[in-house]
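Below is one structure, written out as structure tokens, with a few remarks after it.
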Amino acid sequence: MRRNAALHALGGALVGAAMVAAAPAQAQEQKPNVGYILVDNVGWGNFGVYGGTIPTPRIDELASEGIRFTNYNVEAQCTPSRSAIMTGRHPVRSGTSSVPFPGTGLSGMVPWEYTAAELFSDAGYATALFGKWHLGDTQGRLPNNQGFDEWWGIMNSWDEAGYTAWPLYKESGLPVPMIWEGKKGEDSKPIMPLDLEVRPIVDEKYIIPKTVDYIKRNAAEKKPFFVYVGYSEAHPPIIGNPNFAGKSTKRGGLWADVIGEMDYRVGQIKDAVKEAGIEDNTIFIFSSDNADGGFIPQVGPGSNGPWRGNFPNTPFEGSMRVPAIVSWPGKVPAGVVTNEMFAAVDWLPTLAGMVGESKRVPTDRPIDGVDASALMLGKSETTGRDSYMFFGTDGELMSIKWKLYKTIFRYTEEPFAAEKPIIKPQFPMVYDLSSDPHEDNNLFYSDLTIDWVLAPNFKIIGEYESSVKEYPNIKVGEDFKGYKQ
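Below is the structure:
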């Protein structure tokens, strides 16, 4: 949006001026490190600090050391959530609003998109990704092409681990799924098969050790770093690490084992940061990309907390609202719980603000994220966000959250929404999330005087549509080079 672009430019100028004024005092300060652990398909209510019954002492500890969000919003699937985190833009703008299926051709993020990794790299950071990418599976659209100095992991999704177990897979013409690695300036290379043998141990044997080693290397070199951990669990196929089988003391089963291991792995990374002596200069982020999926009942009862709905592609809170925790000792206030609205698109501008690099946030395209660094650093009680647009995997609007209200224009039935068609009601459905968090009472049905709330929704829609006219959305598979200025 032109207005957004202007505001970002102004924000960058103000931050830049403040940095110049403070330069003598900060001359010897190293930029803070940033570690982001992104877990896969884990809903709001699975961790102890979010009301879960499975013991998660290390995640609970992390929450006590920083800010815990209770109104953090993500996208409809893995790919769009990861795109939003990386770009600060609604995925529908970048042609990444849905997970690409095998054999559908060129997909993923176009190289023109400016990612968080590129922002950190341009600011002098070392950058790495370990784990899942899911934003492109061709040379030129991989992590080492979009800001990461090095990466090890998978191009697409963990379900590929089970492909070769199907008897007729060889006849599909598809390649054997692989784990890849790459470095900036070079083509990525396949290094080992992704199969059901490596699936249950990929975090233990590879992703976490590589992350720990990366932290130690850069700490020793006194090099600020951004490390993005695309943790594998709890994405199907969920097999479970045999070393954690039956380890949950309060609630057994495969799901408890998976969450228990996840907590342990978070602790390993926290311990590595502390042992490297960089704890006080490291921003630590833990969040999920999506909620639990009700379409995998054989796994066990994950929890989306008190909210209605589940992943994927439902506009109810159980699909949109997931855990998010941020810590930075001495900078981010400890033990804070906030219900302020925050979203996946907000990470790029917020992290840029936290590390003093707001000037690098692009101004030549719509940026949908808000800079919530003032809240993160204890200088404000608000994120600056009062609304959020939720798009379906088809790129069409499904709902808008505005202040206390949720307006739903399209939805899918529960449970197992993945099997159900999208329904468009004759009139929008309106819920008061403050008094009806489970979204049971459609106010448009019970009290028509609520129709006034459509006005701010239509204003938000109008602003978005105006921005699309000026900056058309990138199509899936498009070889986009940029907007004409």
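Counting with mature numbering (1 follows the signal peptide of the UniProt record, and there is no 0), you get residues -27 to -1, 1 to 458 for the letters of the sequence shown.
Here a beta-carbon is modelled for each residue, glycine too, at the ideal position from N, C-alpha and C.
If you measure between the beta carbons of residue i and residue j, is that distance less than 8 Å?
i, j, result
"T100", "F257", "no"
"A358", "M293", "Checking the sequence, you will find Arg at residue 358 rather than Ala. No, they are not a contact pair."
"D337", "T323", "no"
"T356", "G8", "no"
"T184", "F103", "yes"
"A207", "D13", "yes"
"M128", "A89", "no"
"L108", "R55", "yes"
"A307", "S37", "yes"
"V65", "F364", "yes"
"G395", "R383", "This sequence places Ile at residue 395; Gly is not what is there. Yes."
"N283", "D265", "yes"
"T380", "V403", "yes"
"S67", "P73", "no"
"A325", "L92", "yes"
In angstroms, rounded to a whole number, what distance separates the CA positions of residue i and residue j?
i, j, result
"Q119", "D230", "34 Å"
"Q(-2)", "N414", "Interpretation of Q(-2) is limited by its pLDDT of 43, a score under 50 that renders its predicted location unreliable; the figure taken from the coordinates is listed afterwards. Going by the C-alpha atoms only, they are around 53 Å apart."
"Q399", "V441", "26 Å"
"E443", "Y87", "19 Å"
"T366", "G250", "43 Å"
"V309", "M349", "10 Å"
"A49", "Y136", "24 Å"
"G233", "Q112", "36 Å"
"N312", "S205", "28 Å"
"K105", "W301", "25 Å"
"G291", "N277", "5 Å"
"Y378", "V426", "8 Å"
"D95", "K332", "11 Å"
"V83", "S70", "13 Å"
"residue 542", "S260", "The question about residue 542 has no answer here: the residues shown for the chain are numbered -27 through 458."
"Y98", "P197", "5 Å"
"I340", "W85", "14 Å"
"Y437", "A297", "26 Å"
"R114", "S419", "49 Å"
"V305", "E387", "38 Å"
"G435", "G368", "16 Å"
Quick test of your reading: residue i and residue j, contact by CB under 8 Å. State the CB separation rounded to the nearest angstrom.
i, j, result
"F417", "D424", "7 Å"
"M362", "I433", "7 Å"
"G61", "G329", "Rounded, the Cβ-Cβ distance is 17 Å, inconsistent with contact."
"P75", "L167", "Incorrect: roughly 13 Å between the Cβ atoms, too far for contact."
"Y45", "V295", "6 Å"
"I174", "N214", "6 Å"
"A317", "V47", "5 Å"
So, for residue i: in the same chain, excluding its five sequence neighbours on each side, which residues have a beta-carbon less than 8 Å away from its beta-carbon?
i, result
"G21", "I27, P28, T29, P30, I32, D33"
"N117", "E123, W124, G155, K156, K157, G158, E159, S161"
"D319", "G61, G342, V343, D344, A345, T356, R358"
Under a CB-based cut-off of 8 Å, is residue i close to chain C?
i, result
"H208", "Judged by its chain identifiers, the structure shown contains no chain C, having just a single protein chain."
I'd like the list of long-range same chain contacts for residue i, defined as Cβ closer than 6 Å, with 5 residues on each side in sequence excluded.
i, result
"K189", "A249"
"S407", "L377"
"Y179", "none"
"M371", "P288, F363, G365, R383"
Item to complete: Mind listing, in chain order, the continuous beta strand (DSSP E) runs of no fewer than 3 residues lying wholly within the region 232 to 309?
Response: 255 to 261, 294 to 300
Fill in: Secondary structure, alpha helix (DSSP H): runs of 4+ residues fully inside the region 71 to 112
89 to 95
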